[in-house]
Structures are given as structure tokens and as C-alpha cells.
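**Q** Pasting in a structure now, in C-alpha cells, and then I'll have a few things to ask.
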Amino acid sequence: LGASFQLSFAAVAALIAVYEARGALVARQREAQPFGAKRSRFASLRESVAERLLHGPGAPLFATLCATSATASFMANDFHELSPYVLIGNPLTLAIIEFFAVPGALVGSVLYPLGLDGLVWRYVGFGIDLVTYIARLIASAPGSSLHVKSFAPSAILFLSLAVLSLVLWRSFLFRAMAIPFAAIGLCGAASGDGFDLAVAAGGDAAAVRLPSGELALLGRRPQSFVGEQWLRADADPRAPADARGGVACDKMGCVARAVDGRFVALVEDRQALIEDCARAAILITRLGAPDGCGAPIVIDRRKLAETGAVTLRIAGERIEWRMARGVDEDRPWSRAPPRRPARELARGGEARDGVADADSREWDGPD
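Heads up: take any position in the sequence shown, counting from 1, add 3, and you land on the numbering used here.
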């Protein structure tokens, strides 16, 4: 279930649940109060406010609030950011779309066979330009995005259960189950383990955590989409082009010192493989590493063909691996990974349960 389904389902389910609850409440009030009976001033005021929120001018704002509350956990988990100004941007854009796009599309479709639709589409285009302008204006405002670190794997499960408990159950007792689910999910979201090294599936880009604690991008394309996602997952607001400090690059590759002091080398040219195999503690390459490569951990083309993208977390003398797919995993929609002898897997730094011993040898860096 991808992000688009998660967001769409949560938003629509929340709106249906709120308006359904409102309809049930109105029905109970009508049954309890005879027709024509006088109501208290407080009851009339409450009814008027609720009517304006759900069906009047406040409807877009209230709908945005409900949908945003239901989708916030999925936004933070999938995109690693939240938008505080969504309550301003969404109602404005909805109003513009209803004023420009909806009537314009209807009139344009009717006039299209007659060839009289040109001015109508200009009218619609002006509305689209206005929406784009508002989006850029809000996006450039201070604090328009709150960056969120990656969640623990179980966090989104419990947060999803909290949302489902609120929108699916009808009794108050069952809906109250959302409270413990949300509490567990928020604890998991706050305690998510980060990564100290991330390698793209192609082996041509990587991110390494420096001794300063910041991530640095390795590779020839620091402005890649993958690099941006790595920074977002670490709640780092920097642009990929700015995350190059602490990295030394030339036409043959890049090197950097990891958080624990060992050197990481990303090799782009075969001529540098032998030299970096002898000196690097972690070797990354989109090429095939030579059989005699002496680096303790080698992540090369063959390794990545088996695992896909990988992240490593350095925990003292151990390195925890997280792989896009297991070495023995055979997915129906993709070609099975090639089998390799156990000695080659060990050379790649892998052990049972995704944990490998960290090599503690040091070197003085590139010549």
C-alpha cells in the first residue's frame, strides 16, 4: 500500500466519519425534541456554529483540519516532513479551484465542439497560475516545513491502528482504543533508529554520517532525489548540494571519515579499486570489486544485486545492516538475486540477523 493510498484513504475515511457522526447527532436531537419546541440560547448557538463549520464558509477549513489530522502520521513517515501552514494553503486553493477550474472545465467542455473554448481555458489557466503562486508563497514562508526523522518500523503500524479506531468504530469505547495506539506509535516515532551509512541501489551514491553527526553525500550527483530523501529521513533541512562538507572527491571517487573514524570510499573508476581496497574500511562501488579486495566491508555491484539499497548503523564494534530485500528473498515481480558462496557473503560484511562485526583498523586517509 503506497503513500497515495494511505493519504487518500485516511483523509476520506476521516471526513466520512465526522460527517456521519454529525448526521447521527442531529437525528438524535430531532427525535429527542418535538417539532416547534423552544430551544435554549446555548443550544441554538451551538447548532449555528456546527452548521457553519460543516456546511457553511468554515467547511473547507474544517475539512482540511480533519483530513490533516488523519494523514499527519503518514505524511511524516513517508515524506519526513509536516506542513504547519496547510490550514491556510488548502482552503485557499480549494476556493480558487472551485471558482476557476470547476466551472471553467464544465463550460469549456460544452463549448469545445463549437471551437469557442479558447477564452475559457485561459480563464482556467489563470486560476492554475494563482494556485501555483499561493503554493510558492506559502512554501517560501519561514517555518513552512517541519522535518521529521524516520520512524521506528512499528510506529506507523500503531499510528495507523489509531486512525482506523477513530474512523471505523461506532462506539465510544472502541474509539477510545485510539489513545493507547497513538501513544505507542508516537513513542516509536520518537525513538526511531537512524543510519550511519546509506548506499543507493545502483552503488553510485551514498550518505555517510561524519564525526560531527551530520550526513555528507558521496557521489558525482549530490543533488539527486535519493540524496534529498536521505537528508529528509535524518530531519536535515539542507539541500543536497550543501551536504558535501567533510568529503574529498576527484574523478575516480570520493572518500570521507565515518562517525566512528573509519574511512569510507566510493569508487567510480576501476583504476582506484586496488588502492582503495587496501586502505578503505568500507568500500562502495557500482563496479564489481576484485576477488582479492581487502576492505573489511565491500558493497559492490554483486552485493547490491542481492540486497538492493542498504543502510548501515554502526553500534560500537558491530554494524547493523538493513537491506531493501533479503539475500534469499525471491520476489514474484523481480528476477531472483544471484547465489554466491558463503565466503563471498562474509567478505561483504554480512552476518546472521543483519549484524556484522565492525573492523577496528584505522588508516591515515588518502595520499
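Every residue, glycine too, gets a C-beta built ideally from N, C-alpha and C.
Since the model is a prediction, treat every value here as computed from it, not as a measurement.
Counting only runs of 4+ residues fully inside the stretch 165–197, write out the alpha helix (DSSP H) ranges in chain order.
**A** Entirely contained in the stretch 165–197, the alpha helix (DSSP H) runs reaching 4 residues are, in chain order, 175–178 and 181–193.
**Q** With distance defined between alpha-carbon atoms, name the residue in S215, V166 and S227 nearest to D207.
**A** Nearest C-alpha to D207: S227.
**Q** Could you give the first and the last residue of the continuous beta strand (DSSP E) run that contains E217?
**A** Run containing E217: none; DSSP gives neither H nor E here.
**Q** Which first and last residues belong to the beta strand (DSSP E) in which A201 is found?
**A** Element bounds for A201: L200 to V202.
**Q** Where are the beta strand (DSSP E) runs, 3 residues long or more, that stay fully inside the stretch 243–325, in chain order?
**A** Here the runs fully enclosed are 250–253, 256–260, 266–270, 285–288, 300–302 and 313–318.
**Q** Hey, would you say I91 sits closer than 8 Å to G130, going by beta carbons?
**A** Cβ atoms of I91 and G130: not closer than 8 Å.
**Q** Given that a residue counts as buried once 16 or more other Cβ atoms are within 10 Å of its Cβ, and exposed if not, what is R346?
**A** Note on R346: pLDDT 45, under 50, position unreliable in the model; the coordinate value appears next. Counting Cβ neighbours within 10 Å, R346 comes out exposed, since fewer than 16 surround it.
**Q** Which of helix, strand or coil does DSSP assign to L95?
**A** Helix.
**Q** Below 7 Å CB to CB, which residues in the same chain sit around S148 once its five sequence neighbours on both sides are set aside?
**A** For S148, where only same-chain residues beyond five positions count, the Cβ hits under 7 Å are E84 and S86.
**Q** What did DSSP end up calling A75 once you bin it into helix, strand or coil?
**A** Here A75 sits in helix by DSSP.
**Q** Taking the Cβ atom as the reference point for each residue, do G299 and L276 lie within a distance shorter than 8 Å?
**A** According to the sequence as given, residue 299 is Pro; it is not Gly. Taking 8 Å as the Cβ cut-off, P299 and L276 do not qualify as a contacting pair.
**Q** When the Cα atoms are used, what is the spatial distance from A13 to M255?
**A** Cα-Cα distance, rounded: 48 Å.
**Q** Taking the alpha-carbon of S11 as reference, which of C296, T288, Q232 and C69 has the nearest alpha-carbon?
**A** Answer by Cα proximity: C69.
**Q** Using DSSP with H/G/I as helix, E/B as strand and the rest coil, what is A155?
**A** Reduced to three states, the DSSP call for A155 is coil.
**Q** Among R321, A17 and V134, which one has its Cα closest to the Cα of S163?
**A** Per the Cα distances, A17.
**Q** For G291, which residues of its own chain have a beta-carbon under 7 Å away from its beta-carbon, when the five flanking residues on both sides are left out?
**A** Closer than 7 Å at Cβ, skipping near neighbours: D303, R304 and R305.
**Q** Tell me whether A17 sits in a helix, a strand or coil according to DSSP, three-state version.
**A** Three-state DSSP puts A17 in a helix.
**Q** Does DSSP put E23 in a helix, in a strand, or in coil?
**A** Helix.
**Q** I'd like the span of the alpha helix (DSSP H) that includes L234, first residue to last.
**A** F228 to A236 is the extent of the alpha helix (DSSP H) around L234.
**Q** Alpha carbon to alpha carbon, how far is M78 from R325?
**A** Cα to Cα, M78 sits roughly 22 Å from R325.
**Q** Terminal residues of the continuous alpha helix (DSSP H) containing D132?
**A** Segment G121 to A142, the alpha helix (DSSP H) holding D132.
**Q** Between L114 and the rest of its own chain, which residues show a CB-CB distance below 8 Å, the 5 nearest in sequence each way excluded?
**A** Taken in chain order, the residues that qualify are D120 and V123.
**Q** Answer with buried or exposed for T74, where buried requires no fewer than 16 other C-beta atoms within 10 angstroms of its C-beta.
**A** Per the 10 Å Cβ criterion, buried.
**Q** Taking the alpha helix (DSSP H) that S112 belongs to, which residues open and close that run?
**A** V105 to L114 is the extent of the alpha helix (DSSP H) around S112.
**Q** Within 10 Å of its beta-carbon, does S76 have 16 or more other beta-carbons around it, so buried, or fewer, so exposed?
**A** Counting Cβ neighbours within 10 Å, S76 comes out buried, since at least 16 surround it.
**Q** Determine the DSSP secondary structure at A327, reduced to helix, strand or coil.
**A** Looking at A327 - three-state DSSP - the assignment turns out to be coil, as it is neither helix nor strand.
**Q** Give the single residue among T288, L200, V211 and A62 whose Cα lies nearest to the Cα of L315.
**A** Cα-wise, what sits closest to L315 is L200.
**Q** Work out the CA separation of V15 and G128 for me, nearest whole Å.
**A** Roughly 28 Å between the two C-alpha positions.
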